[in-house]
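Asks: Count the sequence shown with the numbering used here and you get residues 3 to 279, in order.
The structure under discussion is supplied below as structure tokens; questions concerning it will follow.
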Amino acid sequence: MVKKVGIIGFGSIGKEIIAAAKREEIPNAKIVALFDKEPQVISSAGQDNAELHLFSDFNKFYESPVYSSLDIIIECASKDAVREFSKRIIKSKKDLLVLSVGGFSDQKFLSELQDLSIFNNAKIWIPTGAIAGLDSIRSVRKYLDSLTITTTKHPKSFAGAPYFKNSKIKLDDISKETVLFEGSAITAIELFPANVNVAVSIALAGIGLENTRVKIIADPMISVNKHEILCKGSFGEIHVIVQNIPSPTNPKTSYLASLSAIECLRGLCNENFRIGT
Ligand SMILES: NC(=O)c1ccc[n+]([C@@H]2O[C@H](COP(=O)([O-])OP(=O)(O)OC[C@H]3O[C@@H](n4cnc5c(N)ncnc54)[C@H](O)[C@@H]3O)[C@@H](O)[C@H]2O)c1
């Protein structure tokens, strides 16, 4: 059965998902609606996507007939969008696929949302995103002693991060590999909300936000977004290194994140056979 899909956010990930659907790479998924808070983004989306119902106001989207017809909503907008809209989406009994995992760094918010999802029989999905091995971390979580992620990106990927408001380090002055941050995942996502969603993902899969250690490095010589994950425990060790090509339209975002969202949607719409879940 074909599932009707709505997308929140027409940035690098939203555009890739819509493009993949147009290339018919996601069987049984029909993208029918798009909401982005920026009216100019929505009007530019309209130029190539006449078949979509377009909205720049969430209330109008939520109250529209096309919203009622949706099966799945994909959030690929921002941490704030997750906090602002996900409870209403779940209360309306829609399944929700979330890319801005940083929105789940508030434990109370996440557990309220999980309760709502049980009550409303709506599911919440978090794709593996810009990393690999989330399934393995989940499998060994009871046997973990430590979980760390080191993220290295070009300085331009950190533009606009709240971290720089109170830091002696100025983004434009970084001329060599520089450690910006070392600490917990819960602090990392507040200081770098658009860069370390993956740290929140591994923390939720593993030993939680307080116990997951994050190191963030800016390197002007690097051309990839690199994530190095190290898990140790009584099960052994997992060491994952992912070197991602940044999205051409948003250097903060790795192309793999878009591919992972597309693959997750493909799985949800074609559920009879799944590998690595
Ligand atoms: N889970 C992962 O591994 C992973 C990896 C990369 C990016 N991400 C996250 O996915 C999200 C999308 O990434 P992107 O590269 O496409 O971003 P982007 O900046 O290219 O585009 C985001 C779009 O969403 C819109 N938007 C932002 N806040 C909104 C809101 N509150 N309501 C409605 N629209 C809103 C913006 O106007 C923009 O058009 C970001 O939050 C990013 O941090 C997650």
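Glycine included, each C-beta is placed from N, C-alpha and C at the ideal position.
Remember, it's a predicted structure, so these values are computed and weren't measured experimentally.
1) Quick check: does the Cβ of Thr251 come within less than 7 Å of any heavy atom belonging to ligand 1?
2) With respect to 7 Å, is the separation between the Cβ of Thr154 and the closest non-hydrogen atom of ligand 1 below this value?
3) Around the Cβ of Tyr165, are there at least 16 other Cβ atoms within 10 angstroms (buried) or fewer (exposed)?
4) Would you mind sorting Ser45 into buried or exposed? The rule is 16 or more other CB atoms within 10 Å of its CB.
5) Evaluate Gly104 with the Cβ neighbour count: other Cβ atoms within 10 Å of its Cβ, from every protein chain shown; 16 or more gives buried, anything less gives exposed.
6) Less than 8 Å between the CB atoms is what I'm expecting for Ala207 and Ile139, so what's the real figure, rounded?
7) Taking only three categories from DSSP, how would you classify Pro253?
8) Let me know if Val181 comes out buried or exposed under the rule of 16 or more other beta-carbons within 10 Å of its beta-carbon.
9) Please state whether DSSP places Thr189 in a helix, a strand or coil.
10) Once DSSP output is grouped into helix, strand and coil, what is the label at Asp326?
11) State yes or no: is the C-beta of Glu230 nearer than 7 Å to some heavy atom of ligand 1?
12) If we ignore side chains and look at the alpha-carbon of each, how far apart do Ser217 and Leu149 end up?
13) Pick helix, strand or coil for Ser148, following the three-state DSSP scheme.
14) What do you reckon, are the CB atoms on Ser66 and His55 nearer than 8 Å?
15) Relative to the C-alpha of Val43, which residue among Gly16, Arg25, Tyr64, Pro29 is closest?
16) On the CB-based measure, 16 or more other CB atoms within 10 Å of its CB, does Ala161 come out buried or exposed?
17) Taking the beta carbon of Asn274 as the centre, do at least 16 other beta carbons fall within 10 Å, making it buried, or is it exposed?
18) Please report the distance separating the alpha-carbon of Val229 from that of Ala31.
19) Am I right that Ala201 and Leu101 are in contact with their C-beta atoms under 8 Å? What's the rounded C-beta distance?
20) At 3 residues or longer, what runs of the beta strand (DSSP E) sit wholly inside the region 36-103?
Replies: Judging by the given coordinates:
1) Looking up residue 251 in the sequence shown gives position 249. For ligand 1, at least one heavy atom lies less than 7 Å from the Cβ of Thr251.
2) Here the question's residue 154 lines up with position 152 in the sequence shown. Flag unset: Cβ of Thr154 not near ligand 1.
3) Taking the sequence shown and counting its residues from 1, the one referred to as residue 165 is at position 163. Residue burial is scored here from C-beta neighbours: Tyr165 has at least 16 other C-beta atoms within 10 angstroms and is therefore classed as buried.
4) Walking along the sequence shown from the start, residue 45 turns up at place 43. With fewer than 16 other Cβ atoms within 10 Å, it is exposed.
5) As a position in the sequence shown, residue 104 is number 102, starting the count at 1. With 16 or more Cβ atoms within 10 Å of its Cβ, Gly104 is classed as buried.
6) In the sequence shown, the residue the question calls residue 207 occupies position 205. In the sequence shown, the residue the question calls residue 139 occupies position 137. Yes, they are in contact, since the Cβ atoms of Ala207 and Ile139 sit about 4 Å apart, within 8 Å.
7) Against the sequence shown, residue 253 aligns to sequence position 251. Looking at Pro253 - three-state DSSP - the assignment turns out to be strand.
8) Sequence index remark: in the sequence shown, residue 181 carries index 179 (1-based). It counts as exposed.
9) Taking the first residue of the sequence shown as position 1, residue 189 is located at position 187. Three-state DSSP puts Thr189 in a helix.
10) Because the chain here runs from 3 to 279, residue 326 falls outside it and cannot be looked at.
11) As a first step, residue 230 must be located in the sequence shown, where it is residue number 228. Incorrect: Glu230 has no Cβ contact closer than 7 Å to ligand 1.
12) The residue you call residue 217 lines up with position 215 of the sequence shown. The residue you call residue 149 lines up with position 147 of the sequence shown. Note that residue 217 corresponds to Lys in the displayed sequence, not to Ser. Roughly 11 Å between the two C-alpha positions.
13) If you number the sequence shown from 1, residue 148 lands on position 146. Ser148: strand per DSSP, three-state reduction.
14) By 1-based counting over the sequence shown, the position of residue 66 is 64. By 1-based counting over the sequence shown, the position of residue 55 is 53. Contact: yes.
15) For the purposes of this step, residue 43 is identified with residue 41 of the sequence shown, where counting begins at 1. When each option's Cα is compared against that of Val43, the closest is Gly16.
16) Here residue 161 is taken as the residue at index 159 of the sequence shown, counted from 1. Exposed is the call here.
17) In the sequence shown, the residue the question calls residue 274 occupies position 272. With fewer than 16 Cβ atoms within 10 Å of its Cβ, Asn274 is classed as exposed.
18) As a first step, residue 229 must be located in the sequence shown, where it is residue number 227. As a first step, residue 31 must be located in the sequence shown, where it is residue number 29. The sequence shown places His at residue 229, rather than the Val named in the question. The straight-line gap from Cα to Cα measures roughly 31 Å.
19) On the sequence shown, position 199 is the one that residue 201 refers to. On the sequence shown, position 99 is the one that residue 101 refers to. About 14 Å separates the two Cβ atoms, so there is no contact after all.
20) The region 36-103 contains, as complete beta strand (DSSP E) runs of 3+ residues, the segments 55-57, 74-77, 97-100 (chain order).
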